[in-house]
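Going by the numbering used here, the sequence shown opens with residue 19, and the numbers climb by one from there. Every residue gets a Cβ at the ideal spot worked out from N, C-alpha and C, and that includes glycine.
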Amino acid sequence: MKKFSAKGQKWLKCIHILFASLWVGGAITINLMNFMLKATDGMQLYGINLSMKLVDDFIIIPGALGSLITGILYAIFTNWGWFKHNWIIVKLFINIFGVIFGTFWLGPWLNFLPELSKVQGLGALSNEVYAHNLKMLYVWGPFQTFTIIFALFISVLKPWKKKKLNRG
19 MKKFSAKGQK
29 WLKCIHILFA
39 SLWVGGAITI
49 NLMNFMLKAT
59 DGMQLYGINL
69 SMKLVDDFII
79 IPGALGSLIT
89 GILYAIFTNW
99 GWFKHNWIIV
109 KLFINIFGVI
119 FGTFWLGPWL
129 NFLPELSKVQ
139 GLGALSNEVY
149 AHNLKMLYVW
159 GPFQTFTIIF
169 ALFISVLKPW
179 KKKKLNRG
């Protein structure tokens, strides 16, 4: 298969870094909002919850999907390949895990918060489902963030040697 030129690879790298920056920055932002912002009335709670959802919808999701797509392009159209290096396999796993976990757990937990806080105001804090979703975001949001930051460090450090190919 035809590979990207050196200039094409540089462009791909820039785009990949941009998407990764969106994902990491958005994840850090939502966690900071979740832990640092405290509402004093129902509209503030709704505003905080809606802001977190908007960061997810317009920064994290495009960043995560863009990272996945550009990573796939790297594997197909450069010499990095899919399985030549263990660090690439780990990054691929982290990215796929992050997209799946975000889509089916973190996203739905987060998306429920503004719906309920808009209707119930500060009373949402006493709602069992709201409290559960918020608790899950307190626990799993930082986990997801540290995981993708770990992938960022792997990208720079490339810590594991090239896989040995069995040529037997």
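Over the uninterrupted alpha helix (DSSP H) stretch that includes W98, give me the two end residues. On the sequence shown, residue 98 is found 80 positions in, with the first residue counted as 1. Taken as a continuous stretch (DSSP letters only), W98 belongs to no alpha helix (DSSP H), as it is neither H nor E.
Determine the direct distance from the alpha carbon of T163 to that of F111, and round the result to whole angstroms. Indexing the sequence shown from 1 puts residue 111 at position 93. Indexing the sequence shown from 1 puts residue 163 at position 145. The straight-line gap from Cα to Cα measures roughly 15 Å.
When you compare the CB positions of F37 and S69, do they come within less than 8 Å of one another, or not? Taking the first residue of the sequence shown as 1, we reach residue 37 at position 19. Taking the first residue of the sequence shown as 1, we reach residue 69 at position 51. No.
If we ignore side chains and look at the alpha-carbon of each, how far apart do S135 and N67 end up? On the sequence shown, position 117 is the one that residue 135 refers to. On the sequence shown, position 49 is the one that residue 67 refers to. If I take the Cα positions, the gap works out to 8 Å.
Give the C-beta separation of T58 and G116 to the nearest angstrom, bearing in mind that I take them to be a contact with Cβ-Cβ under 8 Å. Locating residue 58 in the sequence shown gives position 40, counting from the first residue. Locating residue 116 in the sequence shown gives position 98, counting from the first residue. With 8 Å as the limit, T58 and G116 do not qualify as a contact, their Cβ atoms being about 33 Å apart.
With three or more beta-carbon pairs closer than 8 Å as the criterion, would you say the segment 119-139 touches the segment 73-80? yes
Confirm, please, whether the CB-CB distance from G60 to L140 is below 8 Å. If you number the sequence shown from 1, residue 140 lands on position 122. If you number the sequence shown from 1, residue 60 lands on position 42. Yes, the Cβ-Cβ distance between L140 and G60 is below 8 Å.
If we require 4 or more residues per run, which alpha helix (DSSP H) segments fall completely within the segment 100-172? 104-119 and 125-138
Give me the residue from N129, K153, I35 and L30 with the minimum Cα distance to F95. Along the sequence shown, read from residue 1 onward, the residue named residue 95 stands at position 77. Residue L30 is the option with its Cα nearest to F95.
Out of F171, N129 and F22, state which residue places its alpha-carbon closest to the alpha-carbon of L155. Counting from one through the sequence shown, the residue named residue 155 turns up at place 137. Closest option to L155, Cα to Cα, is N129.
Have a look at G99, V157, H150 and P160 and flag the residue whose alpha-carbon is nearest the alpha-carbon of K21. On the sequence shown, residue 21 is found 3 positions in, with the first residue counted as 1. Taking only the C-alpha atoms, the option nearest K21 is G99.
Mapping the DSSP letters down to three states, classify K31 as helix, strand or coil. Against the sequence shown, residue 31 aligns to sequence position 13. Reduced to three states, the DSSP call for K31 is helix.
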